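I have placed the structure first, in the form of structure tokens, so that the comments after it can refer back to it.
In this note's numbering, the protein residues as written are 1 to 255.
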């Protein structure tokens with residue numbers, strides 16, 4: 001017998017209905033038919049094209065739900081090491097969403113960064129790199145929902161990357177996620193922060209000209225305690241140490 005979705009929750013009705021459609025068995029897992037086209041098949045290329053034409057920005061990174069990644073061929077990475085870099089690797093993890101990173105193209109919005117690697121002798125060596133600030137855009141396959149978050153991409157002189165994603169990537173000393181707005185305010189002046197906010201607002205406006213709703217942070221954080229993760233899905237208490245949230249439900253990865 002199909003279990004009824006709880007009604008005594010503060011989650012919006014449209015989100016509750018989408019959760020019920022996506023997970024009738026209350027299990028977050030990949031149940032998509034690979035031979036069946038999803039609602040984004042025709043919509044996503046148009047959306048991607050519109051986002052790529054935002055003035056002062058470029059799509060620097062993309063990852064599709066199968067884990068395939070790519071870079072925009074329209075942007076010159078420029079002054080990182082000798083100007084050469086490897087193509088992003090393919091991932092063996094599937095995801096429930098398309099992801100792209102819109103980076104600000106003006107050089108004043110780049111920053112230097114440091115990393116480390118293990119050399120052939122097993123010793124740690126410092127490597128330098130360059131970071132690009134911008135916004136991550138994620139569009140769910142499971143329901144017409146999207147996320148737009150401030151983020152960054154870093155490329156290092158050894159050809160490695162620190163890839164953007166919608167999951168937290170900067171943390172406070174107590175290991176709680178750092179507020180990205182606060183993080184960028186410490187790195188850039190008001191002009192840089194305003195440029196980031198403007199980019200985020202333009203991306204949201206473009207997305208919402210399509211039949212897709214951009215979910216606010218307060219909705220994304222709400223727990224969905226009646227859902228549990230499938231065996232190959234990276235969400236839930238076993239993986240994250242907390243209950244599945246609205247974001248986890250529609251924007252997750254797995255094996």
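C-beta: ideal position from N, C-alpha, C; glycine also. All of these numbers come straight from a predicted model, not from anything done at the bench.
Assignment of residue 215 by DSSP, reduced to helix, strand and coil, places it in the coil class.
Assigned with DSSP and collapsed to three states, residue 62 falls in strand.
Residue pairing by DSSP puts residue 94 in a beta bridge opposite 254. DSSP places residue 183 in the uninterrupted alpha helix (DSSP H) bounded by 180 to 187. 108 is the residue among 108, 49, 36 and 96 whose C-alpha sits nearest the C-alpha of residue 189. Per DSSP, the beta bridge partners of residue 116 are 126.
According to the DSSP assignment, residue 149 belongs to the beta strand (DSSP E) that extends over 145 to 156.
Annotation: residue 125 to residue 162 spans about 17 Å, alpha carbon to alpha carbon. For residue 66, the closest C-alpha among the options 130, 52 and 140 is that of 140. The residue from 228, 183 and 97 with its alpha-carbon nearest to that of residue 169 is 183. Residue 161 is bridged by DSSP to 155.
Here residue 24 carries a coil assignment [DSSP, helix/strand/coil].
A direct Cα-Cα distance of roughly 25 Å separates residue 230 from residue 218. Looking at 104, 50 and 14, the one whose alpha-carbon comes closest to that of residue 194 is 104. It is roughly 7 Å from the alpha-carbon of residue 232 to the alpha-carbon of residue 29.
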